[in-house]
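3 is the number of the first residue of the sequence shown in my numbering; add one for each residue after it.
The C-beta atom is built at its ideal place from N, Cα and C for all residues, glycine as well.
All values reported here derive from a predicted model rather than from experimental measurement.
Each remark here refers to the structure printed beneath this line.
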Amino acid sequence: VTSGITVAGTTGISGPWSYQLNSPTSVMLDPTGFMYILDSGNARILKWWPGALYGTTILTGSFSTPLGMQLDRANNLVVADTNNHRIVSFGLLCLSATTTTAPPPSSATSQICTTAVWNQVFSTLAGSSGNRGSSTTLLYNPSDMKFDSYQNLYVVDTANHRIQKFNSGN
Numbered sequence: 003v004t005s006g007i008t009v010a011g012t013t014g015i016s017g018p019w020s021y022q023l024n025s026p027t028s029v030m031l032d033p034t035g036f037m038y039i040l041d042s043g044n045a046r047i048l049k050w051w052p053g054a055l056y057g058t059t060i061l062t063g064s065f066s067t068p069l070g071m072q073l074d075r076a077n078n079l080v081v082a083d084t085n086n087h088r089i090v091s092f093g094l095l096c097l098s099a100t101t102t103t104a105p106p107p108s109s110a111t112s113q114i115c116t117t118a119v120w121n122q123v124f125s126t127l128a129g130s131s132g133n134r135g136s137s138t139t140l141l142y143n144p145s146d147m148k149f150d151s152y153q154n155l156y157v158v159d160t161a162n163h164r165i166q167k168f169n170s171g172n
């Protein structure tokens, strides 16, 4: 058994500061090594540079125990906002670089622009804010989601004990 290394947060200490996490529930890595951390207890998403001692908040929202996170094909950030009983999407914006110096080299496989920011306004992809239920349009504590190659959304609808599929474009 090998030992792990803390690469984000402070072991055993939760908190709201940029070097602390409070109940992180999901992590993603982009092709260039940046980590995106869903910090559930602080209702935020942080971008953590490789080797950094702290992260930068890229999204905050009226989350209530968000558990799952991923990018869709257009690199919109999608979050399972569990206790709000919804799946929400934050649109990607690629701003123009305004520096006068040459930009640092980027990975040819990177799918996220180097100036990426996500819109603070979200759209609801599934469920209804604060309304839980078991009908085909409602969710009850969704905890995760995935997209298939056709961009159909599959939701882990935890308290309804089901996986629900939402067709792309609906």
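Item                                                                                                            : Value
Simplified DSSP state of N133, which is helix, strand or coil                                                   : strand
Close beta carbons around D74, own chain, < 8 Å, minus the five adjacent residues each side                     : V80, S91, F149, Q153
Own chain partners of W51 with C-beta closer than 7 Å, once the 5 adjacent residues on each side are dropped    : F36
Per-residue burial, L55 [other beta carbons within 10 Å of its own, 16 or more giving buried]                   : exposed
Reduced DSSP secondary structure (H/G/I, E/B, other) of N77                                                     : coil
C-beta contact flag for G70 and S145 at 9 Å                                                                     : yes
Identity of the residue in A10, Q72, T34 nearest L23 by Cα                                                      : A10
Nearest-angstrom Cα separation, counted from I89 out to S125                                                    : 9 Å
Proximity below 9 Å, CB of N133 to CB of T160                                                                   : no
Option in S137, A45, G129, C96 with minimal Cα separation from S64                                              : A45
CA-to-CA distance, T84 to L48, given in whole angstroms                                                         : 18 Å
9 Å Cβ cutoff met for S25 and S16                                                                               : yes
Every unbroken beta strand (DSSP E) within the stretch 26 to 100, with a cutoff of 3 residues, ordered by chain : 26 to 31, 37 to 41, 46 to 50, 58 to 62, 68 to 73, 79 to 83, 88 to 96
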